[in-house]
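**Q** One structure, pasted below without further comment.
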Amino acid sequence: VIRRLRLGLLVLGVVVLQTTLFTHLRLDGVAPDVGLVAVLAVAYEEGTETGVLFGFITGLVVDLFLATPLGLSALSFALTGYAVGVFQSGMVRTTPRLAPLLGGLGGLLGGLVFIGVGAMVGQSGFLSSHSLRAVLIAAAYDALIAVAIFPVARRAARSHDTSATWRVGRR
Amino acid sequence: MLKVPQLQPPTIAISGSQQQFPVRRIFCVGPTYAEHVREMGNAPQRDLPFFFTNPADAVVSPAVDFLNGLGRATELANENDVLRRRLAQAQADALAGKEARATLSETQALLDLPQISDADGVAANVIDGATGNFERTFQIDKGSDAGIKRDMPVVVGAGLVGKIAAVSKSRATVLRIDDPSFGVGVQLLEPSAPGATGAVKGQVGSTFLKLSVFDSSAKITKDQIAVTRGSVGSLFPKGLAVGTVVRSVDPGAASTLEAELRTVVDLDRIDVVKVLNTPAGPIP
Numbered sequence: 035v036i037r038r039l040r041l042g043l044l045v046l047g048v049v050v051l052q053t054t055l056f057t058h059l060r061l062d063g064v065a066p067d068v069g070l071v072a073v074l075a076v077a078y079e080e081g082t083e084t085g086v087l088f089g090f091i092t093g094l095v096v097d098l099f100l101a102t103p104l105g106l107s108a109l110s111f112a113l114t115g116y117a118v119g120v121f122q123s124g125m126v127r128t129t130p131r132l133a134p135l136l137g138g139l140g141g142l143l144g145g146l147v148f149i150g151v152g153a154m155v156g157q158s159g160f161l162s163s164h165s166l167r168a169v170l171i172a173a174a175y176d177a178l179i180a181v182a183i184f185p186v187a188r189r190a191a192r193s194h195d196t197s198a199t200w201r202v203g204r205r
Numbered sequence: 051m052l053k054v055p056q057l058q059p060p061t062i063a064i065s066g067s068q069q070q071f072p073v074r075r076i077f078c079v080g081p082t083y084a085e086h087v088r089e090m091g092n093a094p095q096r097d098l099p100f101f102f103t104n105p106a107d108a109v110v111s112p113a114v115d116f117l118n119g120l121g122r123a124t125e126l127a128n129e130n131d132v133l134r135r136r137l138a139q140a141q142a143d144a145l146a147g148k149e150a151r152a153t154l155s156e157t158q159a160l161l162d163l164p165q166i167s168d169a170d171g172v173a174a175n176v177i178d179g180a181t182g183n184f185e186r187t188f189q190i191d192k193g194s195d196a197g198i199k200r201d202m203p204v205v206v207g208a209g210l211v212g213k214i215a216a217v218s219k220s221r222a223t224v225l226r227i228d229d230p231s232f233g234v235g236v237q238l239l240e241p242s243a244p245g246a247t248g249a250v251k252g253q254v255g256s257t258f259l260k261l262s263v264f265d266s267s268a269k270i271t272k273d274q275i276a277v278t279r280g281s282v283g284s285l286f287p288k289g290l291a292v293g294t295v296v297r298s299v300d301p302g303a304a305s306t307l308e309a310e311l312r313t314v315v316d317l318d319r320i321d322v323v324k325v326l327n328t329p330a331g332p333i334p
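Sequence order for the protein chains is A and B.
Residue 205 is where the first sequence ends in our numbering, and the numbering goes up by one at each step.
Residue 334 is where the second sequence ends in our numbering, and the numbering goes up by one at each step.
Printed below as a string of structure tokens:
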């Protein structure tokens, strides 16, 4: 119950950050995807099942604040969470650079899924070089904020004490 | 501890004495002569005198001021010249402004632009920009509690800004007219007759709007104004200014004429908007 409460608070926190602080902290007009970065961290910590579920719920809450079709973020976050969960199951060890690396690559994957699915559901403007540019900048920004978001999100998602497994070469 | 020196009040000499009188408050009454009343645009026989106060340092020393003035005669003359020039410039500006207002009224009458200020609506402050990277929206500080509903038109002055895309109790999201998912039917204004009709949409990667005119024989000229058509079923009242033609786009083999419009309102610099509670058709 406490873990679910922690994850609920995490969703609330990232959505508040996304809709208040980061709407003003744009890089070249592009904001990072705070919710997606939290999904990446949770999926990497807990695997596919939690990644998909947490991704779907976080994406759905983020969708409530967007003018894009409802469910688009939910689907793209869930798919990205699943992909990261699968990636995590094949990992033997981790590195200190994991957070920015996963934040950047996961952000790129999530952004591409978002515009790809968006184009399929009728958002014709999503398939453009302008959208691709926004995805690339957002991914770079995600890599930056992942350094701060990952420790918090992973701690919130952790179901047992695995702190030692996240150190280099200990796993 | 910081000590603040006590300020000495201004003083004036007491007649027939060597002593000075400290001035703390100055109570005044005015106007005291009929010409002054007339200068203020009032009637001397009808309006009563009124009382007011002045700051203590408003006291003057006529003799000292006179001597100071003699010493600064050249400087004061120059200052007077500067002030006269400024006054002349201000009067010229005022005349130019008066003429501009008259021209605007004539133009509005000529174009038959509606007076949005008379339309029913709710004023709201813009409080935030878009949340996501793939939409052009902004947030306003009024929601369903203020009677705002989804799809209501949003304007600044007589210019269309967007429409309400989502509403909560105390906030609403406005979809800007330059968002690629936004579309509106428009009519181009011409001096003597109704101009061509078409549709305007936002464009990906550009803040210009794309105008498509379906009549290939129509003429599109630079700086033409496009206003909402307000046709049946439209969300927008007739006559809201949408944009001005920047350039025509070569249609190639297509039968549709195309042009790019610059929005009438600078969408990146909006502080206050009005959400119209007006059905489609002419603005009442």
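Ideal Cβ placement from N, Cα and C applies to all residues, glycine included.
(1) Give me the Cα-Cα distance between B/R151 and B/A208, rounded to the nearest whole angstrom.
(2) To the nearest angstrom, how far is it from the Cα of A/F121 to the Cα of B/R186?
(3) Nearest-angstrom Cα distance between A/A187 and B/F232?
(4) Along the beta strand (DSSP E) that carries A/S110, what are the first and last residues, could you check?
(5) Are there 16 or more other CB atoms within 10 angstroms of the CB of B/I227, so buried, or fewer, so exposed?
(6) In the structure shown, what three-state DSSP assignment does B/E185 receive?
(7) For B/L210, which residues does DSSP report across the bridge?
(8) Identify whether A/V50 lies in helix, strand or coil by the three-state DSSP scheme.
(9) Buried or exposed for A/D176, going by 16 or more other Cβ atoms inside 10 Å?
(10) With 8 Å as the threshold, decide whether the Cβ of B/D201 is near any Cβ in chain A.
(11) DSSP beta-bridge partners for B/Q237?
(12) Quick check on DSSP: helix, strand or coil for B/V263?
(13) Decide yes or no for the touch test of the stretch 73-89 of chain A against the stretch 109-120 of chain A: beta carbon pairs closer than 8 Å, at least 3 of them.
(14) Would you report the Cα separation of B/P334 and A/P103, rounded to the nearest angstrom?
(15) Name, please, each residue of chain A whose Cβ falls closer than 9 Å to the Cβ of B/D316.
(16) Checking 8 Å against the spacing of the C-beta atoms, do B/P230 and B/G252 come in under that value?
(17) I want to verify the contact list: residues of chain A whose CB lies under 7 Å from the CB of B/L210, in sequence order.
(18) Is B/L239 closer than 8 Å to B/V277 when the C-beta atoms are compared?
(19) Look at the alpha carbon of B/N92 and the alpha carbon of B/A215, and state the distance between them as a whole number of angstroms.
(20) In terms of residues, what are the limits of the beta strand (DSSP E) holding B/I28?
(21) Run the CB neighbour count on B/D273, radius 10 Å, all protein chains shown included, and call it buried at 16 or more, exposed below.
(22) Kindly indicate which three-state DSSP category B/Q141 falls into: helix, strand or coil?
(23) To the nearest angstrom, how far is it from the Cα of B/T257 to the Cα of B/R312?
(24) So the candidates are B/V73, B/I190, B/A249, B/L137; which of them puts its Cα closest to the Cα of B/D107?
(25) With a CB to CB cut of under 6 Å and the five nearest residues on each side skipped, what residues in its chain are close to B/S218?
(26) Could you give the distance in angstroms between the alpha-carbon of B/G293 and the alpha-carbon of B/V314?
(27) Judging by CA-CA distance, which residue of A/E80, A/H58, A/V68, A/Y78 is the nearest neighbour of A/G93?
(28) What would DSSP say about A/L59, mapped onto helix, strand or coil?
(29) Do you know offhand how far B/S305's Cα is from B/I270's?
(30) Between B/T61, B/V325, B/K260, which lies nearest to B/I198 when the distance is taken from Cα to Cα?
**A** Reading off the structure:
(1) The residue you call residue 151 of chain B lines up with position 101 of the second sequence. The residue you call residue 208 of chain B lines up with position 158 of the second sequence. Whole-angstrom Cα-Cα distance: 16 Å.
(2) For the purposes of this step, residue 121 of chain A is taken as the residue at position 87 of the first sequence. For the purposes of this step, residue 186 of chain B is taken as the residue at position 136 of the second sequence. About 34 Å.
(3) Residue numbering aside, residue 187 of chain A sits at position 153 when the first sequence is read from its first letter. Residue numbering aside, residue 232 of chain B sits at position 182 when the second sequence is read from its first letter. Cα to Cα, the separation comes out at about 37 Å.
(4) Position 76 of the first sequence holds residue 110 of chain A. That residue, A/S110, is in no beta strand (DSSP E); its alpha helix (DSSP H) goes 106-123.
(5) Taking the first residue of the second sequence as 1, we reach residue 227 of chain B at position 177. B/I227 is buried by the Cβ-count criterion.
(6) One-based indexing of the second sequence puts residue 185 of chain B at position 135. If DSSP states are grouped into helix, strand and coil, B/E185 belongs with coil.
(7) Against the second sequence, residue 210 of chain B aligns to sequence position 160. In the DSSP assignment, B/L210 forms a beta bridge with B/V205.
(8) Residue 50 of chain A sits at position 16 when you count from the first residue of the first sequence. The answer is helix: DSSP assigns A/V50 an H, G or I state.
(9) Indexing the first sequence from 1 puts residue 176 of chain A at position 142. A/D176 comes out buried.
(10) Your numbering for residue 201 of chain B matches position 151 in the second sequence. False, the Cβ-Cβ gap to chain A never drops below 8 Å.
(11) Start at 1 with the first residue of the second sequence, and residue 237 of chain B comes out as number 187. The partner list for B/Q237 (beta bridge, DSSP) reads B/T247, B/V277.
(12) Working through the second sequence from its first residue, we reach residue 263 of chain B at position 213. Here B/V263 sits in strand by DSSP.
(13) Enough Cβ pairs lie closer than 8 Å, so yes.
(14) Position 284 of the second sequence, counting from 1, holds the residue named residue 334 of chain B. Position 69 of the first sequence, counting from 1, holds the residue named residue 103 of chain A. Residue placement at B/P334 cannot be trusted, given a pLDDT of 46 that sits under 50; the coordinates are not used to answer.
(15) Sequence index remark: in the second sequence, residue 316 of chain B carries index 266 (1-based). What B/D316 touches in chain A: nothing, since even the nearest Cβ is about 16 Å away.
(16) One-based indexing of the second sequence puts residue 230 of chain B at position 180. One-based indexing of the second sequence puts residue 252 of chain B at position 202. Note that the C-beta distance between B/P230 and B/G252 is below 8 Å.
(17) Counted from its first residue, the second sequence places residue 210 of chain B at position 160. Per Cβ cutoff of 7 Å: no residues; B/L210 is ~17 Å from chain A at best.
(18) Start at 1 with the first residue of the second sequence, and residue 277 of chain B comes out as number 227. Start at 1 with the first residue of the second sequence, and residue 239 of chain B comes out as number 189. It is a contact, given that the beta carbons lie within the stated cut-off.
(19) What you label residue 92 of chain B is simply residue 42 of the second sequence in a count that begins at 1. What you label residue 215 of chain B is simply residue 165 of the second sequence in a count that begins at 1. When rounded, the distance between both Cα atoms is 54 Å.
(20) No answer is possible for residue 28 of chain B: the residues shown for chain B start at 51 and end at 334.
(21) Position 223 of the second sequence holds residue 273 of chain B. B/D273 should be labelled exposed.
(22) One-based indexing of the second sequence puts residue 141 of chain B at position 91. If DSSP states are grouped into helix, strand and coil, B/Q141 belongs with the helices.
(23) Stepping through the second sequence from its first residue, residue 257 of chain B is reached at position 207. Stepping through the second sequence from its first residue, residue 312 of chain B is reached at position 262. Note on geometry: alpha-carbon atoms of B/T257 and B/R312 lie some 8 Å from one another.
(24) Against the second sequence, residue 107 of chain B aligns to sequence position 57. Considering only alpha carbons, the answer is B/V73.
(25) For this step, residue 218 of chain B is matched to residue 168 along the second sequence. So the list reads G193, once near-sequence residues are dropped.
(26) Start at 1 with the first residue of the second sequence, and residue 293 of chain B comes out as number 243. Start at 1 with the first residue of the second sequence, and residue 314 of chain B comes out as number 264. Going from the Cα of B/G293 to the Cα of B/V314 covers about 5 Å.
(27) In the first sequence, counting from the first residue as 1, residue 93 of chain A sits at position 59. A/G93 has its Cα closest to that of A/V68, out of A/E80, A/H58, A/V68, A/Y78.
(28) Counting from 1 along the first sequence, the entry for residue 59 of chain A is found at position 25. Looking at A/L59 - three-state DSSP - the assignment turns out to be coil, as it is neither helix nor strand.
(29) In the second sequence, counting from the first residue as 1, residue 305 of chain B sits at position 255. In the second sequence, counting from the first residue as 1, residue 270 of chain B sits at position 220. Cα-Cα distance, rounded: 14 Å.
(30) In the second sequence, counting from the first residue as 1, residue 198 of chain B sits at position 148. Cα-wise, what sits closest to B/I198 is B/V325.
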